[in-house]
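In what follows, a single structure is set out as structure tokens and then discussed.
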Amino acid sequence: MNCSPLSQIQKRLFAWGMSKANEADDRTLQSIGHPHFLNLAQLKQSLLGKLRGRVLEIGPGAGANFKYYHPEIEWVGIEPNPFMYPHLEAEAQRYGLTQVRIETGTAEHLQVEENSIDAVVSTHVLCSVRDLDRALDEIERVLKPNGRFVFLEHVAACSGTWTRHVQNGVAPLWTNLFDRCHPNRETAAAIDRSRFTEIQYHDFQLSFPIVSPHIAGFAVKGGG
Ligand SMILES: C[S@@+](CC[C@H](N)C(=O)[O-])C[C@H]1O[C@@H](n2cnc3c(N)ncnc32)[C@H](O)[C@@H]1O
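Residue numbers (the working numbering): 3 to 226.
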């Protein structure tokens, strides 16, 4: 972990920025090319609103997803940036979730028992993990048989496209500015080669600059 004063300031600023982003209306972010949903709010409602039981969210940030969860879920958040924690607690309370546990950690090393979680959630996190394949293995490990990994992630644009050239060009600066986020990460390919038995997602664009290409869907752990 980098504990330099500069890194701590960056992490604090990032947490503040994420908490401000919570105030944005997800309905204003159009999902272009998605076959079923018109905007981010509809998409998240459909992915997260149905989840029940023990839900583990990796990299929950400042708690942008609490507004979509059923209040009776048992929620565990694994978040490496401690400056997010007060925002997470406030948002959980605001949306009536009472069974909430926040833990320090990373998706690559989940301190969670195997076969113990009903659903794992990741929204805009896999772009930042240090080891994507390992994180996917860990997510699969902790899920119960038939458990669901639900994801919404920005991904690399197709090679050779103008957007991909821009993503590749800005990547070194972008990664430093935005807490190790990789704008050109091939997350869909990593999910496709993971251990999950059933994988379903759609490609679409969100109305963001540079990181517009997205995937959203779910993957199921086998063995049920
Ligand atoms: C762009 S933010 C997204 C936050 C939230 N999921 C959302 O959709 O608003 C990325 C989050 O992933 C966290 N993160 C970065 N590396 C991580 C890792 N290896 N494991 C788990 N979380 C990580 C960051 O601290 C941050 O909270």
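Every residue gets a Cβ at the ideal spot worked out from N, C-alpha and C, and that includes glycine.
What you are looking at is a predicted structure, and each value in this text was computed from that prediction instead of being measured.
Assign residue i to buried or exposed, taking buried as 16 or more other Cβ atoms, counted over all protein chains shown, within 10 Å of its Cβ.
i	result
Lys229	The chain is shown only over 3 to 226; residue 229 falls outside these bounds and no answer can be derived.
Tyr97	exposed
Asn117	exposed
Cys160	exposed
Gly65	buried
Leu112	buried
Leu53	buried
Thr125	buried
Leu179	exposed
Leu175	exposed
Ala23	exposed
His184	buried
His89	buried
Sorted by chain position, which residues of the same chain lie with C-beta nearer than 7 Å to residue i's C-beta, five sequence neighbours on each side aside?
i	result
Trp164	none
Ala43	Asp28, Arg29
Gly149	Ile119, Asp120, Ala121, Lys223
Arg14	Phe85
Glu110	Val131, Arg132, Asp133, Arg136, Ala137, Glu140
Lys69	Tyr97
Ser6	none
Thr177	Cys183, His184
What residues are listed by DSSP as bridge partners for residue i?
i	result
Thr125	Leu154
Gln207	Ile34, Pro215
Leu58	Val78, Val122
Ile104	Gly79
His2	The structure shown has nothing for residue 2, since the chain only spans 3 to 226.
Phe220	Val152, Gln202
Asn41	Gln32
Leu145	Ile119
Near residue i, which residues of its chain fall below 6 Å by C-beta distance, leaving aside the five closest residues on each side in sequence?
i	result
Gly225	Pro147
Arg103	Val78
Arg197	Glu142
Asn186	Ala158, Gln169, Asn170, Ala173
Gly35	Phe206, Gln207
Thr189	Leu128, Glu155, Val157
Met20	Gly63, Ala64
Quick one: measure Cβ to Cβ for residue i and residue j, integer angstroms, because I've assumed they're closer than 8 Å.
i	j	result
Thr108	Val131	7 Å
Pro215	His156	7 Å
Asn67	Val123	7 Å
Val152	Leu40	No, Val152 and Leu40 are not in contact; Cβ-Cβ is about 19 Å, not under 8 Å.
Gly55	Ile75	7 Å
Gln12	Ser209	The pair is not a contact, with the Cβ atoms about 26 Å apart (cut-off 8 Å).
Might you give, ordered along the chain, the residues of its own chain that have their beta carbon closer than 8 Å to the beta carbon of residue i, omitting 5 neighbours on each side?
i	result
Asp181	Gln12, Lys13, Phe16, Asn83, Ser130
Glu105	Val78, Gly79, Ile80, Glu81, Gln113
Ala26	none
Looking at residue i and ligand 2, is the gap between the Cβ and the nearest heavy atom below 8 Å?
i	result
Gly107	Because ligand 2 does not appear in the structure shown, any question about it cannot be addressed here, the ligands present being ligand 1.
Quiz item: Any contact of the segment 197-217 with the segment 164-176, i.e. 3+ C-beta pairs under 8 Å?
Solution: yes
Quiz item: Are there three or more Cβ pairs, one per stretch, closer than 8 Å when the segment 46-63 is compared with the segment 123-140?
Solution: yes
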